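>
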Amino acid sequence: MSLPPSSIEHTQKAATPELLICEYCDTVHRRRSLAYGEVARCLRCQAVLERHQRIGVNGMFALVVTVMVVFVQANVWPIITLGFNGEQIRTTLWGIIIMMWKEHSQVVAVLAAGTLFFFPLCKMLTMGWLLAYGRVGRRAPGFGRLMVVMHYINPWTMSEVFVLGVLVSIVKAHLYFDVKPDIGVFAYAALAVLITIFSGIDVRQLWDKIPEQAP
Amino acid sequence: MSALPRAHELGLIGCHICGQVCRDTGIDDAACPRCGAELHRRKPNSCARTWALLIAAFLLYIPANVLPIMRTVSLGDVDDNTILSGVIELWVKGSPDLAVIVFTASIVVPMMKFLVMGTLLLSVHRGTNWARAQRSKLFRLVEFIGYWSMLDVFVVSLLTALVQFGFFSQVEPLPGVVYFGLTVVLTMLASMSFDPRLIWDCKDEDE
Numbered sequence: 001m002s003l004p005p006s007s008i009e010h011t012q013k014a015a016t017p018e019l020l021i022c023e024y025c026d027t028v029h030r031r032r033s034l035a036y037g038e039v040a041r042c043l044r045c046q047a048v049l050e051r052h053q054r055i056g057v058n059g060m061f062a063l064v065v066t067v068m069v070v071f072v073q074a075n076v077w078p079i080i081t082l083g084f085n086g087e088q089i090r091t092t093l094w095g096i097i098i099m100m101w102k103e104h105s106q107v108v109a110v111l112a113a114g115t116l117f118f119f120p121l122c123k124m125l126t127m128g129w130l131l132a133y134g135r136v137g138r139r140a141p142g143f144g145r146l147m148v149v150m151h152y153i154n155p156w157t158m159s160e161v162f163v164l165g166v167l168v169s170i171v172k173a174h175l176y177f178d179v180k181p182d183i184g185v186f187a188y189a190a191l192a193v194l195i196t197i198f199s200g201i202d203v204r205q206l207w208d209k210i211p212e213q214a215p
Numbered sequence: 216m217s218a219l220p221r222a223h224e225l226g227l228i229g230c231h232i233c234g235q236v237c238r239d240t241g242i243d244d245a246a247c248p249r250c251g252a253e254l255h256r257r258k259p260n261s262c263a264r265t266w267a268l269l270i271a272a273f274l275l276y277i278p279a280n281v282l283p284i285m286r287t288v289s290l291g292d293v294d295d296n297t298i299l300s301g302v303i304e305l306w307v308k309g310s311p312d313l314a315v316i317v318f319t320a321s322i323v324v325p326m327m328k329f330l331v332m333g334t335l336l337l338s339v340h341r342g343t344n345w346a347r348a349q350r351s352k353l354f355r356l357v358e359f360i361g362y363w364s365m366l367d368v369f370v371v372s373l374l375t376a377l378v379q380f381g382f383f384s385q386v387e388p389l390p391g392v393v394y395f396g397l398t399v400v401l402t403m404l405a406s407m408s409f410d411p412r413l414i415w416d417c418k419d420e421d422e
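Protein chains in written order, with our numbering: chain A, 1 to 215; chain B, 216 to 422.
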């Protein structure tokens, strides 16, 4: 990756990685190694600075692969089955998105497609790509740029909210119809659990864990 | 210098994207040596951007609540639901505990975001050092729970896709849900553009 000239000088003068700056209040801390389960907090604002990362690059890769498998299941299988007078309707995530588009709520269709399909997909594929190279101690092509992209995508994945939405919908539809959760919802539940595990992992650690090799 | 030095006192900048500690060279468009993103001491135009996004979100939140979000047609009976009437229906007929969750996600969380972000912006403008640790904590809370407001948008989408029995029974989305979805996106953008470091930028009198 090419850097603007001003940063070359920067690189030489870059401060030591023993320092850590709190992203909420800009307080500078000296980094110290954390024991199992320990969390470092900022002394000024109490924000989390760093957590002990019990899952290494290999573990993260395994998790990402698991998430991918579950994500495919969640998208392929119907989520809810609804019966009414002998008729049955089953719907998948894409069925929902297409229906919202047809019902003149294109904005909602785009939001759902982004937050439930495209952003999670991008995040998984990017993580998989970076970690597949990281496992053998190398930085993947485009490492820096992809790490920046991940930072921006991160807040826009909402699969766990969708799981709660499915639950509320089942209860609401149950007032009038015969509703049954379908296979897809179990995949989504598994996905929610995996996402929770993932939320404890700071992706930024890859910068330190996968060092840049000398050209 | 206080016991807890801040980055600018030591001539350092923390990259907002990757967290790298960089020396502040005073060059305006310096880039982070690690990730290549532009380095800022504070997010640029943080207050103006946050105000703009917050006000826009609030303006959209009005039609989101006033207009119905969902139409239920059942044997020719048409029933339009707003966010609040949906919560009430769930409370009365379904399960009160889920009604509480939906009420929290659709009404409490957005209202709290408006109040908290407004308070944070005003207090930053006034440069007060009142309750800084608590304000910082509030910001992190708002940042953390903000996206759960999307719940109602997903519920309307799911019901629309499921209940399609023509004349007998049908659910349609109404414009309210579009406004609500946009409100959530704008409040998320607002909290992202706010720089929590500003809370701590006033002069310390106690240290």
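Ideal Cβ placement from N, Cα and C applies to all residues, glycine included.
Given the structure is predicted, the values throughout are model-derived calculations rather than measurements.
Along the region 349-367 of chain B, where does the CB come closer than 7 Å to a CB of chain A? Name the residues.
Cβ contacts with chain A: Ser351, Lys352, Arg355, Tyr362, Trp363, Met365, Leu366.
> Hey, does histidine 216(A) have any beta-carbon neighbour from chain B nearer than 8 Å?
This structure does not reach residue 216(A), given that chain A is present from 1 up to 215, and the question cannot be answered.
> Name the two residues that bound the continuous alpha helix (DSSP H) containing leucine 121(A).
Position 121 of the first sequence, counted from the first residue, corresponds to residue 121(A). Its alpha helix (DSSP H) spans residues 119-135.
> Could you pull out every residue in the same chain whose Cβ sits closer than 7 Å to the Cβ of leucine 275(B), ignoring the five residues on either side in sequence?
Counting from one through the second sequence, the residue named residue 275(B) turns up at place 60. Here the set comprises Tyr394, Leu397, Thr398, Leu401.
> Going by other Cβ atoms of all chains shown within 10 Å of its Cβ, with 16 needed for buried, is phenylalanine 359(B) buried or exposed?
Position 144 of the second sequence, counting from 1, holds the residue named residue 359(B). So phenylalanine 359(B) counts as exposed.
> Tell me which residue opens and which closes the beta strand (DSSP E) that phenylalanine 383(B) is part of.
Your numbering for residue 383(B) matches position 168 in the second sequence. Element bounds for phenylalanine 383(B): n/a, residue is neither H nor E.
> What residues from the region 324-335 of chain B come within 8 Å of chain A, judged by C-beta to C-beta, listed N to C?
Those residues of the region 324-335 of chain B that come within reach of chain A (Cβ to Cβ, closer than 8 Å) do not exist; the list is empty.
> Under 8 Å Cβ to Cβ from leucine 227(B), same chain only, skipping five residues before and after it: list those, please.
For this step, residue 227(B) is matched to residue 12 along the second sequence. Once the five neighbours on either side are set aside, the close Cβ partners of leucine 227(B) are Val236, Cys237, Arg238, Asp239.
> Give the interface partners of valine 339(B) over in chain A, defined as CB-CB distance under 7 Å, in chain order.
By 1-based counting over the second sequence, the position of residue 339(B) is 124. Per Cβ cutoff of 7 Å: no residues; valine 339(B) is ~13 Å from chain A at best.
> Are the CB atoms of alanine 245(B) and cysteine 230(B) within a distance shorter than 8 Å?
Along the second sequence, one-based indexing puts residue 230(B) at 15. Along the second sequence, one-based indexing puts residue 245(B) at 30. Result no, Cβ atoms of cysteine 230(B) and alanine 245(B) do not sit closer than 8 Å.
> By how many angstroms is the C-alpha of proline 325(B) removed from the C-alpha of proline 283(B)?
Looking up residue 283(B) in the second sequence gives position 68. Looking up residue 325(B) in the second sequence gives position 110. So the two alpha carbons sit approximately 17 Å from each other.
> Short of 7 Å in beta carbon distance, which residues of its chain neighbour threonine 91(A), apart from the five on each side in sequence? Order them along the chain.
The count along the first sequence starts at 1 and reaches residue 91(A) at position 91. Here the set comprises Pro78, Ile79, Ile80.
> Please check if any C-beta of chain B sits within less than 8 Å of the C-beta of glycine 169(A).
To locate residue 169(A), count along the first sequence from 1; it is residue 169. Here the sequence assigns serine to residue 169(A), which means glycine is not the residue at that position. By this cut-off, serine 169(A) is an interface position.
> Quick one: grab the DSSP three-state call for isoleucine 277(B).
For the purposes of this step, residue 277(B) is taken as residue 62 along the second sequence, with counting starting at 1. Helix.
> What three-state label does DSSP hand glycine 184(A) in the structure shown?
On the first sequence, residue 184(A) is found 184 positions in, with the first residue counted as 1. The answer is helix: DSSP assigns glycine 184(A) an H, G or I state.
> Please identify the residue among Arg204(A), Ile195(A), Ala187(A), Ala192(A) whose C-alpha is closest to the C-alpha of glycine 70(A).
Locating residue 70(A) in the first sequence gives position 70, where the first residue counts as 1. Before going on, a small fix: residue 70(A) reads as valine here, not glycine. If we check each option's Cα against that of valine 70(A), Ala187(A) comes out closest.
> Please check if any C-beta of chain A sits within less than 8 Å of the C-beta of proline 220(B).
Residue 220(B) sits at position 5 when you count from the first residue of the second sequence. It does: the Cβ of proline 220(B) has a partner Cβ on chain A nearer than 8 Å.
> Is there at least one Cβ from chain B nearer than 8 Å to tryptophan 207(A)'s Cβ?
Mapped onto the first sequence, residue 207(A) falls at position 207. So yes, tryptophan 207(A) belongs to the interface.
> Just verifying my parser: in three-state terms, what is the DSSP assignment at leucine 206(A)?
The residue given as residue 206(A) occupies position 206 in the first sequence. Three-state result, leucine 206(A): helix.
> Just to make sure I have the definition right: I need the residues of chain B whose C-beta is within less than 7 Å of the C-beta of serine 105(A). Which are they?
Position 105 of the first sequence, counting from 1, holds the residue named residue 105(A). Here the neighbours are Pro388, Val392, Val393.
> List in chain order: all unbroken alpha helix (DSSP H) runs of 4+ residues lying wholly within the region 300-388 of chain B.
Fully enclosed alpha helix (DSSP H) runs of 4 or longer: 311-318, 324-341, 347-360, 366-377.
> Quick one: Cα of arginine 204(A) to Cα of threonine 27(A), how far?
The residue you call residue 204(A) lines up with position 204 of the first sequence. The residue you call residue 27(A) lines up with position 27 of the first sequence. Their Cα atoms are separated by approximately 19 Å.
> Does the beta-carbon distance from isoleucine 303(B) to arginine 350(B) come in below 8 Å?
The residue given as residue 303(B) occupies position 88 in the second sequence. The residue given as residue 350(B) occupies position 135 in the second sequence. Their beta carbons are not under 8 Å apart, which means isoleucine 303(B) does not touch arginine 350(B) by this criterion.
> Could you check the C-alpha separation between proline 215(A) and alanine 62(A) for me, to the nearest Å?
As a position in the first sequence, residue 215(A) is number 215, starting the count at 1. As a position in the first sequence, residue 62(A) is number 62, starting the count at 1. The predicted position of proline 215(A) is uncertain, since its pLDDT is 49 and thus under 50; a value taken from the coordinates is nonetheless stated next. Looking at the two C-alpha atoms, the distance is approximately 29 Å.
> Between which two residues does the beta strand (DSSP E) carrying histidine 29(A) extend?
Here residue 29(A) corresponds to residue number 29 of the first sequence, with the count starting at 1. Residues 28-30.
> Give, in chain order, every residue of the region 19-46 of chain A whose Cβ lies closer than 9 Å to some Cβ of chain B.
Hits within the stretch, in order: Leu19, Leu20, Ile21, Cys22, Glu23, Tyr24, Cys25, Asp26, Thr27, Val28, His29, Cys42, Leu43, Arg44, Cys45, Gln46.
> Give a yes or no on whether 8 Å exceeds the smallest Cβ distance from isoleucine 232(B) to chain A.
Locating residue 232(B) in the second sequence gives position 17, counting from the first residue. So, interface residue.
> Give me the DSSP bridge partner(s) of alanine 246(B).
Taking the second sequence and counting its residues from 1, the one referred to as residue 246(B) is at position 31. Glu253(B), per the DSSP bridge assignment.
> For lysine 308(B), return the contacting residues in chain A, with the cut-off set at a CB-CB distance below 7 Å.
Along the second sequence, one-based indexing puts residue 308(B) at 93. Under the 7 Å cutoff, chain A gives Leu175.
> Quick check: is the beta carbon of lysine 123(A) nearer than 8 Å to any beta carbon in chain B?
Here the question's residue 123(A) lines up with position 123 in the first sequence. No, no contact with chain B.
> Between the beta-carbon of leucine 219(B) and the beta-carbon of isoleucine 89(A), is there less than 8 Å?
Counted from its first residue, the second sequence places residue 219(B) at position 4. Counted from its first residue, the first sequence places residue 89(A) at position 89. Not closer than 8 Å, so no.
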